[in-house]
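The letter at position 376 of the sequence shown is residue 772 when you use this note's numbering, and the numbering goes up by one with no holes. Glycine included, every Cβ here is placed at the ideal spot set by N, Cα and C.
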Amino acid sequence: MNVKLDPWGAVNIDDYSKLFDEFGILPFDVLIPDIAKPHKYMRRNVIFGHRSYDLITDAMKNGKPFSVMSGFMPSGKVHLGGKMVMEEIIWHQQMGGNAFVGIADRESHSVRGMSWEKCRELGINEYILSLIALGFEPDGLIYFQSESSSVKDLAFELGIKANFSELSAIYGFSGETNISHMISALTQSADILQPQLSEFGGPKPTVIPVGADQDPHIRLTRGLGHKMNMFRIEGREDNKDNQYISVRGKAAPEGALAEVAERVTGDAKLFEGHVDIFGTDDFPAIIDAVRQVELDFGGYGFMPTAATYHRFMSGLQGGKMSSSIPESHIALTDDPKEAAKKVKRAKTGGRVTLDEQKKLGGEPEKCSVYELLLFHLIDDDNELMELHSECVNGSRMCGSCKSLAAELMSDFLTEHQELRELARDRLDEYGL
Ligand code: SF4
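Quick look at the structure:
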């Protein structure tokens, strides 16, 4: 099956392993030993894949600067899927990352036709209040794309390196696609690269926590970041099998390559358009030196964008969760009693009769109530594992899970909504 990812569509990706083969997303679980206190989504394989996240684990381990960035398109109510991204941003902020949250009003305006006023209202009343209520700290930056001149300027610069064929190949744009829709794709790349601009401290590892359907943005941005840089660094071999490192000047200004030859360690030889370095295999040191030269010559020196990819929750009735079907999801502003009722009506992985359930056990992997507990409602891994084993060995019945999940959901929403009201009075702390 050919997997097509479409960030503006609502694609159900039912076999994530294909993403590893077809799109080069790497499995996340091998990185977990490098993380001091992994988030529950990491521990529970909800975050299943990554790109370049080793840059982030290295920064976290060694106290180096890093950023986390993600965005929300203001188009309706914020639901549990949005909460997942918010939690991931906040976790990285707590781990020492500089946090950035962009409200993608340019995307909403160009793709959904949402008015600017409505974008602002939804951005604040839905997304930002919940983000603050969940624990986002004021030392992070929350901004609207349309109000950020650094994002808009960078999007314009990135546009020089992007062409229609490339955008069409990634997003399926056609001759009918409006130009602002294309600009909004570049604006999101600018959002992603913004934390690496000099005004925010310069190049640094930046992770974007997303659902797998957002990978096209990540791929586009990684490509654009690479194209914006002045130099390309490669490992090569000469005709006597000697290994060396070559720094190729793509669009480097005059004198920049000579400066690279001066600054790198090893035996550097300057040629027309490139510098070859022998006697060292210290890629990280060469990369650092070359990036510094690039910055001194007015370039960006972008590091490759890192990303984590999480699984989606299914809809409460099974199938796909959809923001246009209220019964399929729980919004963070839903009335807690109504939300509890939705949980009680949710599809479980239970058997047809109680006898069968006692004999065969339930099927938590097909159960949306179990998903609610796993993704949102039970933080203690042991408690969850116990519940899981009681389900599969037939000693637990679905009614008790539904009651538990309904009560936990109602409690969570009640508290969250109180915190949202407190957040409303704190907006000025966030410059909003
Ligand atoms: Fe789901 Fe609980 Fe029923 Fe198992 S017992 S299928 S976890 S509701």
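- With a minimum length of 4 residues, the unbroken runs of alpha helix (DSSP H) contained wholly in the stretch 502-585 fall at 512-518, 525-529, 545-557 and 560-567.
- Rounded to whole angstroms, the separation of the alpha carbons of Asn-789 and Met-624 is 56 Å.
- For Arg-659, the enclosing alpha helix (DSSP H) stretches over residues 652-659.
- Here the alpha carbon of Ser-719 sits roughly 21 Å from the alpha carbon of Pro-612.
- Around ligand 1, the residues selected by a Cβ distance under 5 Å to any of its heavy atoms are Thr-744, Gly-745, Gly-746, Gly-758, Pro-760, Cys-763, Val-765, Tyr-766, Cys-787, Arg-792, Cys-794 and Cys-797, following chain order.
- Following the DSSP letters along the chain, one finds Lys-646 in no alpha helix (DSSP H), marked with neither H nor E.
- Taking C-alpha positions only, Met-491 is separated from Pro-591 by approximately 17 Å.
- Assigned with DSSP and collapsed to three states, Pro-429 falls in helix.
- Per the C-alpha coordinates, the member of Thr-453, Ser-466, Phe-424 and Glu-811 positioned closest to Arg-439 is Phe-424.
- For the beta strand (DSSP E) assignment, the stretch 720-749 encloses no uninterrupted run of at least 3 residues.
- When the Cα atoms are used, Glu-503 and Phe-462 turn out to be separated by approximately 26 Å.
- Taking a cut-off of 8 Å on C-beta distances, the stretch 789-809 touches the stretch 722-741, as three or more cross pairs fall below it.
- With a threshold of 16 other beta carbon atoms within 10 Å, Trp-487 meets it and is buried.
- Taking the CA atoms as reference points, Phe-552 sits about 8 Å from Leu-582.
- Rounded to the nearest angstrom, the gap between the Cα atoms of Ile-421 and Gly-571 is 30 Å.
- Excluding five sequence positions before and after Arg-820, the CB atoms of its chain that fall closer than 7 Å to its own CB belong to Leu-525, given in chain order.
- Two segments are said to touch when three or more pairs of C-beta atoms, one from each, lie closer than 8 Å; by this definition the stretch 646-663 does not touch the stretch 593-610.
- For Leu-750, the closest alpha carbon among the candidates Leu-770, His-706, Gly-795 and Arg-707 is that of Gly-795.
- Contact between the stretch 526-541 and the stretch 466-479 is present: 3 or more CB-CB pairs across the two stretches fall below 8 Å.
- If you draw a 10 Å sphere on the C-beta of Phe-627, you find 16 or more other C-beta atoms in it, and that means buried.
- Burial state of Leu-756 is exposed, judged by a 10 Å Cβ sphere holding fewer than 16 other Cβ atoms.
- Sorting Ile-683, Gly-621 and Val-481 by C-alpha distance to the C-alpha of Leu-550 places Gly-621 at the top.
- Remark: C-beta atoms of Ala-500 and Pro-470 approach each other more closely than 9 Å.
- Closest option to Lys-743, judged by alpha-carbon separation, among Asn-441, Ala-681 and Val-765: Val-765.
- Ala-495 has Val-464 as its beta-bridge partners, per DSSP.
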